[in-house]
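Engineer:
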Amino acid sequence: MSNIIFWLLAIVTVGAALAVVVLRDVFRAALSLVLLFLTIAVLYITLSADFLAVVQILIYVGAISILIIVAVMLTRDAWHGSPSGKFRISALVVSILLLGTMVFSVVSTKWETSGEPPLAPTTAAIGTSLFSQGGYVMPVEISAVLLLAAILGAIVLMRDK
Amino acid sequence: MEVGLNHYLVLSAMLFCIGLYGVLAKRNAVVILMCIEIMLNAVNIALVAFSRYVVPVFLTGQIIAIFVITMAADAAAVGIAIIITIYRRRESVDVDKFDLMKW
Numbered sequence: 373m374s375n376i377i378f379w380l381l382a383i384v385t386v387g388a389a390l391a392v393v394v395l396r397d398v399f400r401a402a403l404s405l406v407l408l409f410l411t412i413a414v415l416y417i418t419l420s421a422d423f424l425a426v427v428q429i430l431i432y433v434g435a436i437s438i439l440i441i442v443a444v445m446l447t448r449d450a451w452h453g454s455p456s457g458k459f460r461i462s463a464l465v466v467s468i469l470l471l472g473t474m475v476f477s478v479v480s481t482k483w484e485t486s487g488e489p490p491l492a493p494t495t496a497a498i499g500t501s502l503f504s505q506g507g508y509v510m511p512v513e514i515s516a517v518l519l520l521a522a523i524l525g526a527i528v529l530m531r532d533k
Numbered sequence: 009m010e011v012g013l014n015h016y017l018v019l020s021a022m023l024f025c026i027g028l029y030g031v032l033a034k035r036n037a038v039v040i041l042m043c044i045e046i047m048l049n050a051v052n053i054a055l056v057a058f059s060r061y062v063v064p065v066f067l068t069g070q071i072i073a074i075f076v077i078t079m080a081a082d083a084a085a086v087g088i089a090i091i092i093t094i095y096r097r098r099e100s101v102d103v104d105k106f107d108l109m110k111w
């Protein structure tokens, strides 16, 4: 059962990602990007990462896709479609070579997987390890500063002078 | 065949390479930003898959994935602000015409 779900999700995910790259209409590309974010959230659920799935839906499907769609609409009238540049062939060659290398190294490596069952509700465990002693408090503070800097940067850039 | 770590890693590699192709080949700046988001999501899938199959009870990969999501949101906000600012001045989102910093 979970195998079937994974294969369906994998097909939809790769199809949506290809649609983002291939489609000429930028708005349709943005919509298939939203579909990609949703299927990735379901992939997190199959990996028993429930908190991360909710975070994915809140931030990516809720916030980032809205930002991208607003950007598409603000810049739409001047630019129709998303044509490829002059490096198209070399970009294709580079990505296929990188894909081959990565798939080869993944398949030929013997990963030391653990047979333990995963934690069932992950939210409490993630909160504990983020904020407890010897946890990730410092990265949390740094990302707070980073978010503040990003907000200030966006406001300063967009302000009319 | 039981779905395992390798399947998720190969899926993540495919998404990353699709995003890389888009970043390298496209000319619309907004589409390039979307492809960067695809690449970040691919990395997140790999992190969560490692966390699930290698250290199932420690959640290290999931925590790093949360920080990656934070930085992706930052990158999207600042990137779109930059794109719209350049669009106001140049009336274009074609990256081939973005030569403001060329000296």
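Order-wise, the sequence lines are chains A and B. Numbered by my numbering, the letters in the first sequence go through residues 373 to 533 in order. Numbered by my numbering, the letters in the second sequence go through residues 9 to 111 in order. The C-beta atom is built at its ideal place from N, Cα and C for all residues, glycine as well.
1) Whole alpha helix (DSSP H) runs in the segment 475-521 of chain A with 4 or more residues, listed along the chain?
2) Would you kindly work out how many angstroms separate the C-alpha atoms of Leu-48(B) and Trp-111(B), rounded to a whole number?
3) Does any residue of chain B bring its CB to less than 7 Å from the CB of Pro-493(A)?
4) Can you tell me whether Lys-34(B) is helix, strand or coil according to DSSP?
5) How about Thr-447(A): is its C-beta nearer than 7 Å to some C-beta of chain B?
6) Looking at the unbroken alpha helix (DSSP H) that takes in Ser-456(A), where does it start and where does it end?
7) Mind the definition here: the segment 458-472 of chain A touches the segment 17-29 of chain B only if three or more C-beta pairs lie below 8 Å; say whether that holds.
8) I'd like to confirm the pairing. Which residues does DSSP put opposite Asp-532(A) in its beta bridges?
9) Looking at C-beta atoms only, is the number of pairs between the segment 78-87 of chain B and the segment 473-488 of chain A that lie closer than 8 Å three or more?
10) For Asp-107(B), which beta-bridge partners are listed by DSSP?
11) Please classify Asp-102(B): does DSSP put it in a helix, a strand, or coil?
Structural biologist: The short version:
1) If we require 4 residues or more, the alpha helix (DSSP H) runs fully inside the segment 475-521 of chain A come out as 495-503.
2) Residue 48(B) sits at position 40 when you count from the first residue of the second sequence. Residue 111(B) sits at position 103 when you count from the first residue of the second sequence. About 32 Å.
3) Counted from its first residue, the first sequence places residue 493(A) at position 121. No, Pro-493(A) does not count as interfacial toward chain B.
4) Counting from 1 along the second sequence, the entry for residue 34(B) is found at position 26. Three-state result, Lys-34(B): strand.
5) The residue you call residue 447(A) lines up with position 75 of the first sequence. It does; some Cβ of chain B falls within 7 Å.
6) Within the first sequence, numbered from 1, the residue matching residue 456(A) stands at position 84. No alpha helix (DSSP H) holds Ser-456(A); DSSP gives it neither H nor E.
7) The segment 458-472 of chain A makes contact with the segment 17-29 of chain B: 3 or more CB pairs, one atom from each, lie closer than 8 Å.
8) The sequence position of residue 532(A) within the first sequence is 160, counting from 1. DSSP output for Asp-532(A) lists no bridge partner at all.
9) In short, these stretches do not touch, since the Cβ pair count stays below three.
10) For the purposes of this step, residue 107(B) is taken as residue 99 along the second sequence, with counting starting at 1. Under the DSSP definition of a beta bridge, Asp-107(B) lacks any partner.
11) Taking the first residue of the second sequence as position 1, residue 102(B) is located at position 94. Note: Asp-102(B) maps to strand in three-state DSSP.
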